[in-house]
Amino acid sequence: MAENSAARNVRSNVGSDWSGQIGLSSRQDRQTIQPPRVIGWSPHLTPEHGEATGVEYILTKSQHLQESDIASLPVVLSVSTRHILSRDDLALLKPTSSIINTSRGLLIDEAALIDVLKEGKITGAGLDVYDIEPLPLDHPIRTLKNVAKVFYEQTVEHIIAFLEGKPIRVYERAGGVYVRSVLPWIVRV
Numbered sequence: 012m013a014e015n016s017a018a019r020n021v022r023s024n025v026g027s028d029w030s031g032q033i034g035l036s037s038r039q040d041r042q043t044i045q046p047p048r049v050i051g052w053s054p055h056l057t058p059e060h061g062e063a064t065g066v067e068y069i070l071t072k073s074q075h076l077q078e079s080d081i082a083s084l085p086v087v088l089s090v091s092t093r094h095i096l097s098r099d100d101l102a103l104l105k106p107t108s109s110i111i112n113t114s115r116g117l118l119i120d121e122a123a124l125i126d127v128l129k130e131g132k133i134t135g136a137g138l139d140v141y142d143i144e145p146l147p148l149d150h151p152i153r154t155l156k157n158v159a160k161v162f163y164e165q166t167v168e169h170i171i172a173f174l175e176g177k178p179i180r181v182y183e184r185a186g187g188v189y190v191r192s193v194l195p196w197i198v199r200v
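Going from the sequence shown to my numbering is simple: count from 1 and add 11.
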């Protein structure tokens, strides 16, 4: 795989729907990342709510997607949020952007996401939710190199290795800092 410029952008713009309780707790969890700019869009987000939670309010979804280096979806699945990221929305992302979805698979048009990833139109995706769960063994997402896939078996593998004192997928960075990465295409060592 060619050198990934997303590693240079990982501290740029983290975009998310931060308006609800899921988003607020996600925002608090990500405070340790210290991105210079956390942006948010939601039909329910107001500038005041964004300011109170440390999120820069973005007026439109398209502007949000065009500016996000990492687009995260801590969103509840409902009639109004199904395929909140459509094929047209995915086309707005920068080639250096990544998507993280740990909420519900149906938030993203999965067929469109697969196409965008196959065509290299975005850097990658971190997914642990899918349209069909468990993900079928012959599903195209399983073959994509630019997708960090988290499956139940991997979670169990991580826990057992940690409890045995042999953590896996641990990387050493300059300065002796250890980072566990489920997004190997973002974190380069």
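C-beta: ideal position from N, C-alpha, C; glycine also.
- When rounded, the separation of the alpha-carbon atoms in D120 and K105 is 18 Å.
- In the structure shown, L146 adopts coil according to DSSP, grouped into three states.
- Counting only runs of 3+ residues, the beta strand (DSSP E) found wholly inside the stretch 42–108 occupies 48–51, 81–83, in chain order.
- By a beta-carbon distance limit of 8 Å, S109 does not contact I152. Their separation comes to about 15 Å.
- Taking every protein chain shown into account, the CB of L148 has fewer than 16 other CB atoms within 10 angstroms, so this residue is exposed.
- Comparing alpha-carbon positions, the option among T92, S83, V49, L76 lying closest to H55 turns out to be T92.
- Collapsing the DSSP output to three states places G135 in a strand.
- Contact annotation: R115 and L96 have beta-carbon atoms that are not nearer than 8 Å.
- Annotated as proximal: V86 and L118, with beta-carbon spacing under 8 Å.
- Counting only the Cα atoms, N157 lies some 7 Å from T134.
- Taken atom to atom, the span from the alpha-carbon of A63 to that of V140 is near 30 Å.
- Distance from the CA atom of T154 to the CA atom of E59, rounded to whole angstroms, is 43 Å.
- Under the DSSP assignment, V127 falls in the alpha helix (DSSP H) whose first and last residues are 121–129.
- Excluding the 5 residues flanking it on each side, L103 has same chain C-beta neighbours closer than 8 Å at S73, L76, Q77, in chain order.
- Residue pairing of V158 in beta bridges, as defined by DSSP: A136.
- Assigned with DSSP and collapsed to three states, I170 falls in helix.
- Between L128 and A136, the C-beta spacing is below 8 Å.
- Rounded to whole angstroms, the gap between the alpha carbons of I69 and W52 is 5 Å.
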